[in-house]
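Novice: First the structure, then my questions, so here it is.
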Amino acid sequence: MTTPGAFPTAGAPAPAPQTAGAPAPAPQTVGAPVPALQTRGLRKEFRGLLAVDGVDFSLRPGARHALIGPNGAGKTTLVNLISGHLRASAGELFLGGQNITRRPEHRRTRLGLVRTFQINQLFRHLTVLENVLMAVSEHAGASRNLWRPMGRNEALVDEALAILASVGLQDDALRRVGELPYGRQRVLEIAVALGLRPHVLLLDEPTAGVPSGESGALLEVVLSLASDMAILIIEHDMEMVFRFAERITVMLNGRILREGTPPEIAADETVRAVYLGEGDHGRLL
Amino acid sequence: MHEAENRSLQARAYLASRQRWHPAEALPWVLAVASYFLFPNSVFVGTQVLILILFALSLDLILGYAGIVTLGHAAFFGIGAYAAGGLSVHLGWNEPLSELAFAGACAALAGLVSGWLLLRYHGLALIMLTLAVGIMLQETGNTWDSFTGGYDGLNNIHPSPIFGRFDNDLYGYHYYWYALLVLLGVLLLCRRIVHSPFGLSLLGIRENAARMPALGCDMLLRRTGIYTLSAAIAGLAGGLFAQSNAFVTLEVFGFARSGTVLIVLILGGAGRLYGAFVGGAIYYLLEHNLAKLNPEFWEFGVGLVLLAVVSFGRHGLLGLPGQLLHRLRRRP
Numbered sequence: 001m002t003t004p005g006a007f008p009t010a011g012a013p014a015p016a017p018q019t020a021g022a023p024a025p026a027p028q029t030v031g032a033p034v035p036a037l038q039t040r041g042l043r044k045e046f047r048g049l050l051a052v053d054g055v056d057f058s059l060r061p062g063a064r065h066a067l068i069g070p071n072g073a074g075k076t077t078l079v080n081l082i083s084g085h086l087r088a089s090a091g092e093l094f095l096g097g098q099n100i101t102r103r104p105e106h107r108r109t110r111l112g113l114v115r116t117f118q119i120n121q122l123f124r125h126l127t128v129l130e131n132v133l134m135a136v137s138e139h140a141g142a143s144r145n146l147w148r149p150m151g152r153n154e155a156l157v158d159e160a161l162a163i164l165a166s167v168g169l170q171d172d173a174l175r176r177v178g179e180l181p182y183g184r185q186r187v188l189e190i191a192v193a194l195g196l197r198p199h200v201l202l203l204d205e206p207t208a209g210v211p212s213g214e215s216g217a218l219l220e221v222v223l224s225l226a227s228d229m230a231i232l233i234i235e236h237d238m239e240m241v242f243r244f245a246e247r248i249t250v251m252l253n254g255r256i257l258r259e260g261t262p263p264e265i266a267a268d269e270t271v272r273a274v275y276l277g278e279g280d281h282g283r284l285l
Numbered sequence: 286m287h288e289a290e291n292r293s294l295q296a297r298a299y300l301a302s303r304q305r306w307h308p309a310e311a312l313p314w315v316l317a318v319a320s321y322f323l324f325p326n327s328v329f330v331g332t333q334v335l336i337l338i339l340f341a342l343s344l345d346l347i348l349g350y351a352g353i354v355t356l357g358h359a360a361f362f363g364i365g366a367y368a369a370g371g372l373s374v375h376l377g378w379n380e381p382l383s384e385l386a387f388a389g390a391c392a393a394l395a396g397l398v399s400g401w402l403l404l405r406y407h408g409l410a411l412i413m414l415t416l417a418v419g420i421m422l423q424e425t426g427n428t429w430d431s432f433t434g435g436y437d438g439l440n441n442i443h444p445s446p447i448f449g450r451f452d453n454d455l456y457g458y459h460y461y462w463y464a465l466l467v468l469l470g471v472l473l474l475c476r477r478i479v480h481s482p483f484g485l486s487l488l489g490i491r492e493n494a495a496r497m498p499a500l501g502c503d504m505l506l507r508r509t510g511i512y513t514l515s516a517a518i519a520g521l522a523g524g525l526f527a528q529s530n531a532f533v534t535l536e537v538f539g540f541a542r543s544g545t546v547l548i549v550l551i552l553g554g555a556g557r558l559y560g561a562f563v564g565g566a567i568y569y570l571l572e573h574n575l576a577k578l579n580p581e582f583w584e585f586g587v588g589l590v591l592l593a594v595v596s597f598g599r600h601g602l603l604g605l606p607g608q609l610l611h612r613l614r615r616r617p
């Protein structure tokens with residue numbers, strides 16, 4: 001984690017950051033490429049509490065985008081709305097220009113909108129290989145096959161192994177997930193997502209709970225992800241955010257406070273005030 | 286490249302090893318054959334135990350693998366029983382194997398429709414809905430007495446001899462083998478399914494159902510699929526019941542039967558296929574021996590054993606050895 005003042009401060013004020021109040025962009029603007037993912041006026045109300053309050057947000061194809069903000073800002077709720085884990089109270093969602101607002105979670109996943117979880121949601125009693133195989137089989141539509149033994153589905157097994165090798169877990173393939181150090185479990189969480197061949201990948205705090213000694217390997221994996229995927233990462237570890245992201249969106253109280261390049265965000269007085277007002281957790285600069 | 290090939294072979298060998306036959310898997314069949322010769326006077330009762338095991342095995346697919354808790358599984362047993370019985374009594378169709386297949390098919394259809402409607406619900410709501418469906422079926426059966434015979438039931442179910450040779454003899458010798466072979470066939474089918482990609486996704490549902498939609502799994506379809514299959518097997522058990530007993534009463538739909546099969550499976554251990562075998566055998570032995578001690582009070586004994594098994598570990602009698610080993614290993 002960076003200490004206050006460690007990040008280079010840009011001298012010039014940030015050029016007109018996009019705010020929540022700005023008019024929503026059309027899903028397809030002439031000339032501009034179709035965003036990989038776009039939300040319009042996304043809202044979520046929990047018994048009178050506005051967790052997400054009209055968020056307009058978009059990811060360009062191949063984006064490396066970070067979503068930051070203090071605890072309770074609505075980041076995870078936003079990811080849950082995008083993935084379909086939660087149903088939005090209002091607003092619309094587009095994936096590659098296609099309106100997917102009414103698609104249930106599993107349909108969105110099949111369309112290539114894939115997420116990881118902040119808290120481990122792995123199958124702990126199964127092996128590392130089986131965890132990835134489950135994703136690969138679902139994506140290939142093989143999970144409807146109730147006859148051919150898993151061990152004879154050569155193509156699926158090889159694909160799962162290739163994914164494990166790409167994130168450095170090849171030697172753990174036959175271990176039970178519960179035996180793995182936590183850092184590697186978090187890497188596996190990403191490997192499972194890769195088994196679903198994402199076009200848009202939402203990483204919900206990949207380093208949450210990972211001891212600092214193990215977070216380096218995780219950062220390497222995140223940095224090495226294929227460039228044609230659009231990636232949105234929620235993260236409290238600012239070192240990771242600033243090494244990874246080309247754009248940063250800051251959320252506060254369910255709204256987008258600022259969006260800009262890392263230097264713009266680092267220099268922004270409002271953002272600094274939000275973070276300096278916070279405790280040790282999630283300190284920005 | 287060589288290394289990758291090695292890993293692939295290793296991984297596939299591991300996956301294949303999971304479905305290799307364990308020598309202990311011969312045990313239930315050896316015991317079943319042995320008890321036929323050792324207790325020739327109890328062969329008919331033995332057939333009923335095999336039917337109970339088959340019924341519990343069907344429940345294991347949904348409870349043990351897909352995590353669906355139901356208190357109305359007897360519905361499919363009952364539909365199978367009345368399908369087989371009705372075919373014989375009302376239509377005069379007496380060929381036993383096709384009759385049994387018809388019983389399985391009718392129950393499967395009921396499973397498909399009710400699963401597709403009910404499996405949108407979870408937890409307590411689902412338990413109550415399955416219970417309600419069971420009660421409604423029983424009442425429907427009571428009202429529709431021209432078909433079901435009302436509370437008197439269907440009598441005179443007389444399947445013709447199997448392959449024209451093996452009839453339902455007085456001692457039930459032939460039907461013991463008939464039931465045993467059906468059970469073996471179903472077990473082979475279940476083993477195959479459990480180790481398929483579909484079976485892996487069932488394990489996923491059991492371990493972490495909330496994750497499955499994020500893997501692209503349509504939970505309703507997947508759960509309806511296994512529910513249909515389970516219903517078909519329960520229907521086979523019901524069909525065998527009707528054929529071997531030569532009569533069916535509305536009791537087959539009863540809540541008591543749904544409860545019993547749940548007890549049998551939990552007693553033996555859910556989620557490992559053989560729990561049904563252990564549970565079925567133990568349940569029968571308890572019933573038989575405790576009833577000798579006190580004919581009125583044997584269920585108290587069953588309750589006591591269930592209490593002990595469930596409070597000691599969640600994996601039933603089959604899980605006990607593993608749990609003991611685990612405890613011993615943890616001791617320094």
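Protein chains in written order, with the numbering used here: chain A, 1 to 285; chain B, 286 to 617.
Using N, Cα and C, we set each Cβ at its ideal position, and we do this for glycine too.
Remember, predicted model here, so these are calculated numbers, not experimental data.
#1: Give every residue of the same chain whose Cβ lies closer than 6 Å to the Cβ of His600/B, excluding the five residues on either side of it in the sequence, and list them in chain order.
#2: Which word fits Ile119/A, buried or exposed, when buried means at least 16 other C-beta atoms lie within 10 angstroms of its C-beta?
#3: For Gly501/B, return the contacting residues in chain A, with the cut-off set at a CB-CB distance below 7 Å.
#4: List the residues of chain B whose Cβ lies closer than 9 Å to the Cβ of Gly151/A, in chain order.
#5: Assuming Val334/B contacts Ala561/B under a Cβ cut-off of 8 Å, what Cβ separation, rounded to an integer in Å, is found between them?
#6: Please state if the CB of Leu164/A and the CB of Ala173/A are separated by a distance shorter than 7 Å.
#7: Could you please give me the residues that DSSP links to His65/A through a beta bridge?
#8: Provide the residue span of the beta strand (DSSP E) that contains Thr39/A, from first to last.
#9: Could you tell me which chain B residues have their CB closer than 9 Å to the CB of His65/A, listed as they occur along the chain?
#10: Quick check: the stretch 448-460 of chain B against the stretch 318-335 of chain B, are at least 3 beta-carbon pairs closer than 8 Å?
#11: I need the DSSP call for Ile190/A, collapsed to helix, strand or coil.
#12: In whole angstroms, what separates the C-alpha of Asp268/A from that of Ala66/A?
#13: Look at the alpha carbon of Leu285/A and the alpha carbon of Glu264/A, and state the distance between them as a whole number of angstroms.
#14: Who are the Cβ neighbours of Tyr350/B in its own chain at under 8 Å, not counting the five residues just before and after it?
#15: Counting only beta-carbon separations shorter than 7 Å, does Asp158/A have a partner in chain B?
#16: Which of the three DSSP states, helix, strand or coil, is assigned to Glu239/A?
#17: Would you identify the three-state DSSP class for Ile353/B, choosing helix, strand or coil?
#18: For His611/B and Tyr559/B, what's the separation of their Cα atoms in angstroms?
#19: Can you check DSSP and say which residues form a bridge with Leu610/B?
#20: Beta-carbon of Ala88/A versus every beta-carbon of chain B: anything under 7 Å?
#21: Just verifying my parser: in three-state terms, what is the DSSP assignment at Ala90/A?
#22: For Phe451/B, list the residues DSSP reports as bridge partners.
#23: Beta carbon of Phe242/A, beta carbon of Arg64/A: below 7 Å?
#24: Hey, is Asn145/A's beta-carbon within less than 7 Å of any beta-carbon in chain B?
#25: Using a C-beta to C-beta distance shorter than 7 Å, which residues of chain B count as neighbours of Met134/A?
#26: With 7 Å set as the bound, which would you pick, yes or no: does the beta-carbon of Glu492/B sit closer than that to a beta-carbon of chain A?
#27: Pick out whichever of Leu506/B, Ala360/B and Glu380/B has its Cα sitting closest to the Cα of Ile447/B.
#28: According to DSSP, Glu259/A sits in a beta bridge with which residue or residues?
#29: Listed from N- to C-terminal order along the chain, which residues in the stretch 333-355 of chain B have their beta-carbon within a distance smaller than 7 Å of any beta-carbon of chain A?
#30: Please check if any C-beta of chain B sits within less than 7 Å of the C-beta of Leu129/A.
#31: Please determine, among Thr545/B, Gly524/B and Ala495/B, the residue with the shortest C-alpha to C-alpha distance to Leu439/B.
#32: Does any C-beta atom of chain B lie closer than 7 Å to the C-beta of Ile265/A?
#33: For Ser137/A, count neighbouring C-beta atoms within 10 Å of its own C-beta (all shown protein chains included) and say buried if the count is 16 or more, exposed if not.
#34: Starting from Arg615/B, find everything on chain A with Cβ-Cβ shorter than 8 Å and list it in chain order.
#35: Does Arg103/A get closer than 7 Å to chain B when you measure Cβ to Cβ?
#36: List the residues of chain A whose Cβ lies closer than 9 Å to the Cβ of Arg599/B, in chain order.
Specialist: On the basis of the coordinates in this document:
#1: Against the second sequence, residue 600/B aligns to sequence position 315. If we look at His600/B and ignore the five residues flanking it on each side, its Cβ neighbours are Gly554.
#2: Looking up residue 119/A in the first sequence gives position 119. Flag for Ile119/A reads exposed.
#3: One-based indexing of the second sequence puts residue 501/B at position 216. Per Cβ cutoff of 7 Å: His106, Thr109, Arg110, Glu138, His139 and Leu196.
#4: For the purposes of this step, residue 151/A is taken as residue 151 along the first sequence, with counting starting at 1. Within chain B, the residues near Gly151/A are Ala296, Arg297, Ala298, Tyr299, Leu300, Ala301, Ser302, Arg303, Gln304 and His480.
#5: Here residue 334/B corresponds to residue number 49 of the second sequence, with the count starting at 1. Here residue 561/B corresponds to residue number 276 of the second sequence, with the count starting at 1. Actually they do not touch by this definition, with Cβ atoms about 11 Å apart.
#6: The count along the first sequence starts at 1 and reaches residue 173/A at position 173. The count along the first sequence starts at 1 and reaches residue 164/A at position 164. Cβ distance < 7 Å, so Ala173/A and Leu164/A count as in contact.
#7: On the first sequence, residue 65/A is found 65 positions in, with the first residue counted as 1. In DSSP, His65/A forms a bridge with Leu232/A and Arg247/A.
#8: Taking the first sequence and counting its residues from 1, the one referred to as residue 39/A is at position 39. First-last of the beta strand (DSSP E) with Thr39/A: Leu37 to Phe46.
#9: Within the first sequence, the letter at position 65 stands for residue 65/A. Those within 9 Å of His65/A in chain B number zero; the least Cβ separation is about 20 Å.
#10: yes
#11: In the first sequence, counting from the first residue as 1, residue 190/A sits at position 190. Looking at Ile190/A - three-state DSSP - the assignment turns out to be helix.
#12: By one-based count along the first sequence, residue 268/A stands at place 268. By one-based count along the first sequence, residue 66/A stands at place 66. Taking the straight line from one Cα to the other gives about 16 Å.
#13: Working through the first sequence from its first residue, we reach residue 285/A at position 285. Working through the first sequence from its first residue, we reach residue 264/A at position 264. Residue placement at Leu285/A cannot be trusted, given a pLDDT of 46 that sits under 50; the coordinates are not used to answer.
#14: Numbered from its first residue, the second sequence carries residue 350/B at position 65. Closer than 8 Å at the Cβ level, and outside the excluded window around Tyr350/B, lie Val479, Gly484, Leu487, Leu488, Ile490, Arg491, Ile511 and Gly556.
#15: Position 158 of the first sequence, counted from the start, is the residue given in the question as residue 158/A. Output row for Asp158/A: interface = yes.
#16: For this step, residue 239/A is matched to residue 239 along the first sequence. The answer is helix: DSSP assigns Glu239/A an H, G or I state.
#17: Start at 1 with the first residue of the second sequence, and residue 353/B comes out as number 68. Coil, per DSSP.
#18: Locating residue 611/B in the second sequence gives position 326, counting from the first residue. Locating residue 559/B in the second sequence gives position 274, counting from the first residue. Rounded to whole angstroms, His611/B to Tyr559/B spans 20 Å at the Cα level.
#19: In the second sequence, the residue the question calls residue 610/B occupies position 325. None; Leu610/B has no bridge partner.
#20: As a position in the first sequence, residue 88/A is number 88, starting the count at 1. Cβ-Cβ to chain B under 7 Å: no for Ala88/A.
#21: Here residue 90/A refers to the residue found at position 90 of the first sequence. Strand.
#22: For the purposes of this step, residue 451/B is identified with residue 166 of the second sequence, where counting begins at 1. Per DSSP, Ile447/B.
#23: In the first sequence, counting from the first residue as 1, residue 242/A sits at position 242. In the first sequence, counting from the first residue as 1, residue 64/A sits at position 64. No, they are not a contact pair.
#24: Indexing the first sequence from 1 puts residue 145/A at position 145. Yes, Asn145/A counts as interfacial toward chain B.
#25: Position 134 of the first sequence holds residue 134/A. In chain order: Leu485, Ser486, Gly489 and Leu500.
#26: As a working note, residue 492/B is residue 207 in the second sequence. Yes, its Cβ sits closer than 7 Å to a Cβ of chain A.
#27: Residue numbering aside, residue 447/B sits at position 162 when the second sequence is read from its first letter. Cα-wise, what sits closest to Ile447/B is Glu380/B.
#28: In the first sequence, the residue the question calls residue 259/A occupies position 259. Answer by DSSP bridge pairing, in chain order: Thr249/A.
#29: none
#30: Indexing the first sequence from 1 puts residue 129/A at position 129. Yes, its Cβ sits closer than 7 Å to a Cβ of chain B.
#31: Numbered from 1 along the second sequence, position 154 holds the residue referred to as residue 439/B. The residue with the shortest Cα to Cα distance from Leu439/B is Gly524/B.
#32: Residue 265/A sits at position 265 when you count from the first residue of the first sequence. So, not an interface residue.
#33: On the first sequence, residue 137/A is found 137 positions in, with the first residue counted as 1. Flag for Ser137/A reads buried.
#34: Position 330 of the second sequence, counting from 1, holds the residue named residue 615/B. Going along chain A, no residue has its Cβ under 8 Å from Arg615/B, so there is no contact; the nearest lies around 15 Å.
#35: One-based indexing of the first sequence puts residue 103/A at position 103. Judged by the 7 Å Cβ criterion, Arg103/A is not in contact with chain B.
#36: Taking the first residue of the second sequence as 1, we reach residue 599/B at position 314. Here the premise fails: no neighbours, minimum Cβ distance about 13 Å.
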